[in-house]
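Asks: Protein chains in written order, with this note's numbering: chain A, 1 to 503; chain B, 1 to 254.
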Amino acid sequence: MSDLAQLKTRAVGYRLLFAEDNAHLRGQASLFFRKLFSEVYEAQDGIEALELFRKHHPHIVITDLKMPNMDGLSLIAQIKKIRPDTKIIIMSAHDDQETLMKGIELGVFRFIKKPASVTQLGDALGAAIEAIENEEQSRIFYTHLSDVFNYQSALVVMMQGRKMLLASQRFLDFFGIDSIEGFMQMRGDLGSCLLRHEGFLYNEAHQEWFEVASAAPDKLFHVKMNDANHTTHHFIFKLHHVPQKEEYTILSFDDITELNLLGLFDGKTSKDDRSKTDRKKIFDLLGVIERNHAKVKIHNFYRGLSITNDGVIVETKNDTLHIKTNFLQQKAIQVEKSFVLSSEALPADIACDGVQKIDFDNQSVLCSGVRLLNSSPLQRKNIRLEPSSEHTVTLFFNEHKFFGDLSILDLSVDAVRIAMNALPAGLEKGEIVRLDMVLGIEKRQIIINTEATLIKKSEQARRFELVCSFELTNPATKRSLTEYLAKRQMELIREFKGMQYGK
Amino acid sequence: MENNHEKILFDDGTHKCVMFSFDDESQEERFLSVNQYLIIQNDSAILLDPGSSAIFYDLSEAIERHIAIDKLRYIFFSHQDPDVAGSITEWGVATKAKLVLSKLWVRFMSHYGLLDMGRMLPLEDHGGKIVFGNDALHFIPAHFLHSPGNFSLYDSRSQILFSGDIGAAVVPPSQLYKEVHDFESHLPYLEGFHRRYMASNAAVRFWVQKVRRFDIAQIAPQHGALLKDQDVTHFLAWFEQLRCGIDLGTELYG
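Laid out in structure tokens, this is it:
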């Protein structure tokens with residue numbers, strides 16, 4: 001009976017209609033059916049069966065042929081008009097060729113000769129359920145295939161939990177196999193096909209690829225796999241949950257080998273290589289993100305204040321990047337005339353400088369200048385803010401106060417960038433200076449007096465910029481500066497929000 | 001040290017749960033006291049429902065007595081209300097914590113001043129968990145109780161269910177207590193709030209069935225008093241049967 005127990009598990013959620021004019025037989029068989037199906041409808045003739053069918057839309061119908069009022073074949077013809085995919089099993093003592101031919105023409109699923117054994121009935125019902133499941137899976141697969149970018153050229157697989165159910169022809173061709181079963185035999189599972197590469201998705205000792213991907217649906221991952229000829233391909237991979245069907249997912253692998261980007265993801269790639277990456281390549285990569293309908297993040301730094309929102313790439317055409325983002329971000333882009341774009345699919349963040357048009361009504365921004373960033377503001381360890389004008393800074397070098405025109409450009413908890421109109425004689429990188437900074441906020445003054453090391457010096461049109469790093473050893477001073485930076489951020493937030501209502 | 005604003009709910013040496021009670025709203029006759037919670041695990045912490053801007057400084061000082069605020073890794077907002085999330089911007093700038101909130105409310109946080117949406121960790125409707133060692137913090141869906149995007153948080157180590165607005169009690173200021181000792185006499189203070197603020201008994205049952213899967217030693221609501229041991233069972237049994245919100249549609253619409 002273990003087969004029947006298994007059948008019972010598989011029959012959950014399915015409805016059965018049984019039409020039979022012999023009351024005794026109907027009662028006996030129904031007892032058996034009710035052990036398997038939670039919803040069983042009984043009819044004593046074709047008319048009653050058709051009524052019940054219209055009302056309950058059962059998935060499987062078992063019918064006799066000879067019945068009063070309406071016979072089995074007429075019933076089948078009516079049902080097939082309403083729901084052609086219904087699985088109909090004829091259970092009859094009549095097995096003449098003409099009747100059988102008619103049944104085949106009408107698309108009957110099985111024919112069982114009376115008297116039927118439990119095994120025969122169980123087999124037929126099991127086969128019917130399997131056929132329904134397969135049809136349902138195919139329907140889900142093909143309905144949701146269009147959600148996958150470029151599904152005609154991408155490798156696509158549908159999974160139920162961790163089990164591969166269906167695969168696109170491209171997937172089978174890539175691995176040189178005929179079926180999923182063939183894939184399992186040759187490759188085991190998908191995880192073993194994902195090759196190790198820095199920053200890519202593959203099976204690691206502490207985390208398994210499928211867990212990582214299912215925890216982040218629709219996120220883009222880079223993966224590397226070998227085809228049947230052992231040639232390595234670079235893909236953008238995405239796991240997509242099928243709506244309303246929790247256990248089903250669609251995996252898509254979008255082959256981007258031709259973009260030749262693998263080098264950009266290597267940790268050893270020099271900064272120089274990154275900055276030389278041509279615009280075309282960056283646009284190609286942005287194009288992949290666009291076609292995968294993946295979200296990106298748009299960042300601005302209004303006087304150092306981080307403003308970040310989601311964005312969508314609408315188009316990458318004619319060397320112009322067209323994005324959509326929300327009003328606040330557009331305002332920030334308007335002020336800064338640039339933005340930074342980040343996405344997990346990118347080897348580095350992208351600076352977008354040539355903002356051409358901001359359309360507030362359509363939430364869109366057009367920009368032409370894109371370059372990969374060697375050092376992105378997103379990687380800053382500490383927030384770096386422009387102080388309010390209520391501040392002074394005094395610099396002492398070799399115990400002498402420097403008399404010049406100094407101001408703070410930006411400030412963090414461990415560094416400051418100072419603008420000045422002249423430089424103290426002999427001040428070089430690595431020298432120690434003393435800084436005395438007075439910062440005003442909310443009608444209070446915070447005084448920071450610290451030793452600092454000059455880490456960068458630059459000159460531009462007779463203006464000098466110094467970057468000094470420091471470590472505040474006094475906890476009270478450090479706390480004051482942290483509090484100042486927090487309050488200054490709040491001040492900048494108010495200032496920025498106020499601008500929304502401005503011109 | 002415990003004072004009027006602070007109560008240690010659990011402490012096993014590596015894991016500590018602290019309840020703070022900084023109120024920022026008061027009425028003459030009725031008083032909706034507000035609780036904030038801090039869970040410390042070794043050298044990092046999660047802050048729950050930190051409340052409005054008005055209590056930001058008092059609460060940060062109180063937290064600093066237990067752990068430096070830059071050790072806050074997460075700040076969890078059970079829902080979007082101002083007495084829960086009003087200070088999200090202040091906490092965003094004062095800490096480096098990830099801000100955890102239902103995905104339904106993320107976009108609205110800019111109205112509280114938050115501009116850096118990169119800090120948000122939006123919770124999917126089915127919730128999620130943060131694992132630490134053999135234990136975990138479970139974000140349990142509590143949708144429509146009362147907010148449409150609402151979560152409770154269950155801490156498996158302390159077995160405390162931080163229930164947000166569920167279990168909130170409106171207690172007269174003259175009898176303000178922080179722990180329920182007599183459930184029957186506490187009931188009237190629960191009833192009014194739950195009947196009007198919770199969406200429906202159907203929503204209640206989803207939540208009760210879900211939380212019953214966990215071993216709950218105490219329920220710690222955002223307003224009112226703690227429920228412990230037998231009172232947890234009493235509360236769940238009472239809440240499960242409660243007709244509320246749209247179940248009382250005829251009364252509401254007159």
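Where is the CB? At the ideal position from N, CA and C, for every residue including glycine. Nothing here was measured: the structure is a model prediction, and the numbers come from that model.
So, helix, strand or coil for R380/A, using DSSP?
Replies: Reduced to three states, the DSSP call for R380/A is coil.
Asks: Kindly say whether M109/B, judged by its beta-carbon, lies nearer than 8 Å to any beta-carbon of chain A.
Replies: Cβ-Cβ to chain A under 8 Å: no for M109/B.
Asks: What would DSSP say about Q97/A, mapped onto helix, strand or coil?
Replies: Residue state, collapsed to three classes: helix.
Asks: Which residues in chain B sit within 9 Å of M490/A, going by Cβ to Cβ distance?
Replies: T89, E90, V93 and G113, listed in chain order.
Asks: Quick one: is E29/B buried, meaning 16 or more other Cβ sit within 10 Å of its Cβ, or exposed?
Replies: Legend: pLDDT at E29/B = 49, less than 50; position of this residue unreliable, no value from coordinates given.
Asks: Between Q249/A and chain B, is the shortest Cβ-Cβ distance under 8 Å, so that the two count as touching?
Replies: Residue identity check: residue 249/A is Thr in the sequence provided, not Gln. So, not an interface residue.
Asks: Of the choices N382/A, D319/A and A49/A, whose alpha-carbon is the least far from that of D353/A?
Replies: With distances taken between Cα atoms, D353/A lies closest to D319/A.
Asks: Are the C-beta atoms of I246/B and some chain A residue less than 8 Å apart?
Replies: No, no contact with chain A.
Asks: To which residues of the same chain is R463/A closer than 8 Å at the C-beta, ignoring the five residues directly before and after it?
Replies: Contacts found: A419, M420 and N421.
Asks: Quick one: is the Cβ of H391/A within less than 7 Å of any heavy atom of the ligand MN?
Replies: The ligand MN is absent from the structure shown, which contains no ligand whatsoever.
Asks: For V118/A, report the span of its alpha helix (DSSP H) as first-last.
Replies: First-last of the alpha helix (DSSP H) with V118/A: V118 to L145.
Asks: Might you give, ordered along the chain, the residues of its own chain that have their beta carbon closer than 6 Å to the beta carbon of E179/B, omitting 5 neighbours on each side?
Replies: Contacts found: A225 and L226.
Asks: Which residues bound the alpha helix (DSSP H) around Q169/A?
Replies: Q169 to F175 is the span of the alpha helix (DSSP H), which, as asked, contains Q169/A.
Asks: Is there a C-beta anywhere in chain A that falls below 8 Å from the one on E28/B?
Replies: The predicted position of E28/B is uncertain, since its pLDDT is 45 and thus under 50; a value taken from the coordinates is nonetheless stated next. So, not an interface residue.
Asks: Helix, strand or coil: how does DSSP classify G128/B here?
Replies: Looking at G128/B - three-state DSSP - the assignment turns out to be strand.
Asks: Would you please verify whether the beta carbon of D43/B is less than 8 Å from any beta carbon of chain A?
Replies: It does not: the Cβ of D43/B has no partner Cβ on chain A nearer than 8 Å.
Asks: When you compare the CB of L16/A with every CB in chain B, is at least one pair closer than 8 Å?
Replies: L16/A does not count as touching chain B.
Asks: Rounded C-beta distance between F360/A and F339/A? I'm assuming under 8 Å.
Replies: In fact, because the Cβ distance is near 15 Å, the residues do not count as touching under 8 Å.
Asks: Using only the alpha-carbon positions, how far apart do K35/A and H24/A sit?
Replies: In a straight line, the C-alpha of K35/A is about 18 Å away from that of H24/A.
Asks: Within 10 angstroms of its Cβ, does V186/A collect 16 or more other Cβ (buried), or is it exposed?
Replies: Checking the sequence shown, residue 186/A turns out to be Met, not Val. Exposed, by the Cβ-count rule.
Asks: Anyone know if the C-beta pair for G88/A and V118/A falls short of 8 Å?
Replies: First, the amino acid is wrong: residue 88/A is Ile here, not Gly. Not in contact: I88/A and V118/A (Cβ atoms no closer than 8 Å).
Asks: Mind checking the stretch 301-316 of chain A against chain B and listing, in chain order, the residues whose C-beta falls within less than 9 Å of any C-beta there?
Replies: So the close ones are Y302, L305, S306, I307, T308, N309 and D310.
Asks: Is it right to say E42/A is buried, meaning 16 or more other beta carbons lie within 10 angstroms of its own, or is it exposed?
Replies: When all chains shown are included, E42/A counts as buried.
Asks: With 8 Å set as the bound, which would you pick, yes or no: does the beta-carbon of I493/A sit closer than that to a beta-carbon of chain B?
Replies: So yes, I493/A belongs to the interface.
Asks: Tell me the DSSP secondary structure of P84/A in three-state form.
Replies: In this structure, P84/A counts as coil in the three-state DSSP scheme.
Asks: The alpha helix (DSSP H) that contains L294/B, what's its start and end?
Replies: Because chain B is modelled from 1 through 254, residue 294/B falls outside the range shown and cannot be assessed.
Asks: Taking 8 Å as the CB-CB cut-off, is D116/B touching chain A?
Replies: At least one chain A Cβ lies under 8 Å of D116/B.
Asks: Based on DSSP bridge pairs, tell me the residues matched to Y74/B.
Replies: Paired residues: I46/B and K98/B.
Asks: Taking 8 Å as the CB-CB limit, is A154/A close to chain C?
Replies: The chain labelled as chain C is not found among the protein chains of the depicted structure, namely A and B.
Asks: Would you mind reading off the limits of the beta strand (DSSP E) that contains A23/A?
Replies: Premise fails: A23/A lies in the alpha helix (DSSP H), A23 to L36, not in any beta strand (DSSP E).
Asks: For the stretch 363-383 of chain A, which residues have a beta carbon sitting closer than 7 Å to at least one beta carbon of chain B?
Replies: Taking 7 Å as the Cβ-Cβ cut-off against chain B, none of the residues of the stretch 363-383 of chain A qualify.
Asks: Could you check the C-alpha separation between N35/B and L262/A for me, to the nearest Å?
Replies: Going by the C-alpha atoms only, they are around 52 Å apart.
Asks: Count the other CB atoms within 10 Å of the CB of F403/A; is the residue buried (16 or more) or exposed (fewer)?
Replies: It is exposed - the Cβ of F403/A has fewer than 16 other Cβ atoms within 10 Å.
Asks: Within 10 angstroms of its Cβ, does D110/A collect 16 or more other Cβ (buried), or is it exposed?
Replies: Residue identity check: residue 110/A is Arg in the sequence provided, not Asp. Buried: at least 16 other Cβ atoms inside 10 Å.
Asks: Compute the Euclidean distance between the alpha carbons of N300/A and Q329/A, then round it to the nearest angstrom.
Replies: Roughly 7 Å between the two C-alpha positions.
Asks: Excluding sequence positions up to five away, which residues of its chain have a Cβ less than 7 Å from the Cβ of G249/B?
Replies: Cβ neighbours of G249/B beyond the five flanking positions: none.
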